[in-house]
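Q: Please see the structure below; I have some questions.
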Amino acid sequence: MKIISGRFKGRNFYPAKGTQARPTSNKVREALFNILYDSIDEAVVIDLFAGSGGFGLEALSRGCSKVHFCDRERKSCGAIKSYLEEYGVEKKEYEIYPADYLRAIGRMETEGVKADIVYIDPPYKSAIYDSILEQCRPVLAEGASVLIEYSSKGSIPMPAGYIKLQDKKYGNTSLSIFRYEGEA
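The sequence shown lines up with residues 1 to 184 when you count with my numbering.
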């Protein structure tokens with residue numbers, strides 16, 4: 001996998017060996033960042049099921065102010081940290097949470113994190129899709145974009161306080177993009 005654009009363009013990254021990480025393809029990542037083009041600069045980003053860290057690394061490359069990487073697999077977090085160090089990313093530009101997503105969201109809420117963009121790409125067979133938008137509320141800035149990648153055989157329920165902006169399909173991958181409008 002390669003960083004597509006920005007200050008780290010062309011740099012390689014890979015999932016950590018021995019993990020279940022399923023990196024988002026370059027095609028889907030490029031489509032995501034084309035959609036986010038106007039909102040990435042200086043944004044606070046959460047890469048919630050970071051895996052290889054591709055989304056967050058791409059966001060940093062394209063000018064976001066900070067990325068909060070979260071993954072429950074310590075090997076994945078270690079690999080992300082090594083790429084951040086290799087790329088020369090300053091510590092103030094990222095935080096890594098080697099924890100379950102609920103624990104990481106709780107910690108971010110305690111720290112006062114308010115994200116402008118949240119990328120959610122859990123294992124396709126997980127059961128979190130029914131509640132993930134509700135669970136993210138405490139760390140969302142009003143107007144935040146929430147992007148969810150999932151199997152094209154699935155769907156994402158939309159709770160109050162969100163507006164669905166787009167649905168896209170890329171082979172077996174679907175992507176839904178929501179805007180958080182605040183508490184209903």
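All C-beta atoms, glycine included, are put in the ideal place defined by N, C-alpha and C.
1. According to DSSP, is residue 14 part of a helix, a strand, or is it coil?
2. Leaving aside the five residues before and after residue 168 along the sequence, list all residues of the same chain whose C-beta is less than 6 Å from its C-beta, in chain order.
3. Whole angstroms are fine: how far does the CA of residue 119 sit from the CA of residue 173?
4. List the endpoints of the continuous alpha helix (DSSP H) containing residue 107.
5. State the CB to CB distance for the pair residue 141 and residue 116, rounded to an integer number of angstroms; the pair is presumed to be in contact (CB under 8 Å).
6. May I ask which residues mark the beginning and end of the alpha helix (DSSP H) holding residue 28?
7. Between the Cα of residue 114 and the Cα atoms of 182, 29 and 7, which residue gives the shortest distance?
8. By DSSP's criteria, residue 45 is part of a beta bridge. Which residues make up the other side?
9. How is the alpha helix (DSSP H) around residue 81 delimited, first residue to last?
10. Per the DSSP calculation, residue 2 is bridged to which residue(s)?
11. From the DSSP output, read off the bridge partner residues of residue 96.
12. Under the three-state reduction of DSSP, which class applies to residue 40: helix, strand or coil?
13. Opposite residue 209 in the DSSP bridges: which residues?
14. How would you write the range of the alpha helix (DSSP H) that residue 58 sits in, first residue to last?
15. Assuming residue 66 and residue 93 form a contact by the criterion Cβ under 8 Å, report the distance between their Cβ atoms to the nearest whole angstrom.
16. Going by DSSP, which residues form a beta bridge with residue 129?
17. Determine the closest residue to residue 16 out of 146, 64, 8 and 82, with distance taken between C-alpha atoms.
A: A quick look at the data gives this:
1. As a working mapping, residue 14 is identified with position 14 in the sequence shown. Residue state, collapsed to three classes: coil.
2. On the sequence shown, position 168 is the one that residue 168 refers to. Correct list, in chain order: 175.
3. Counting from 1 along the sequence shown, the entry for residue 173 is found at position 173. Counting from 1 along the sequence shown, the entry for residue 119 is found at position 119. Approximately 14 Å, taken between the alpha carbons.
4. Translated into the one-based positions of the sequence shown, residue 107 becomes position 107. Taken as a continuous stretch (DSSP letters only), the alpha helix (DSSP H) holding residue 107 covers 101-111.
5. The residue labelled residue 141 in the question sits at position 141 within the sequence shown. The residue labelled residue 116 in the question sits at position 116 within the sequence shown. That pair is a contact at about 5 Å.
6. Start at 1 with the first residue of the sequence shown, and residue 28 comes out as number 28. Taken as a continuous stretch (DSSP letters only), the alpha helix (DSSP H) holding residue 28 covers 26-35.
7. The sequence position of residue 114 within the sequence shown is 114, counting from 1. Ranking the options by Cα distance to residue 114, first place goes to 182.
8. If you number the sequence shown from 1, residue 45 lands on position 45. The partner list for residue 45 (beta bridge, DSSP) reads 67 and 117.
9. Indexing the sequence shown from 1 puts residue 81 at position 81. Counting along the chain, the alpha helix (DSSP H) containing residue 81 begins and ends at 74-87.
10. Mapped onto the sequence shown, residue 2 falls at position 2. Answer is 12.
11. As a working note, residue 96 is residue 96 in the sequence shown. Under DSSP, residue 96 shares a beta bridge with 69.
12. For this step, residue 40 is matched to residue 40 along the sequence shown. For residue 40, the secondary structure class from DSSP, reduced to helix, strand or coil, is coil.
13. The displayed coordinates of the chain run from 1 to 184. Any statement about residue 209 would go beyond what the structure contains.
14. Position 58 of the sequence shown, counted from the first residue, corresponds to residue 58. Residue range 54-61 is occupied by the alpha helix (DSSP H) that includes residue 58.
15. Locating residue 66 in the sequence shown gives position 66, counting from the first residue. Locating residue 93 in the sequence shown gives position 93, counting from the first residue. Residue 66 to residue 93, Cβ: 6 Å. Contact.
16. Locating residue 129 in the sequence shown gives position 129, counting from the first residue. Residue 129 is not bridged to any residue.
17. In the sequence shown, the residue the question calls residue 16 occupies position 16. In terms of Cα proximity to residue 16, the closest of 146, 64, 8 and 82 is 82.
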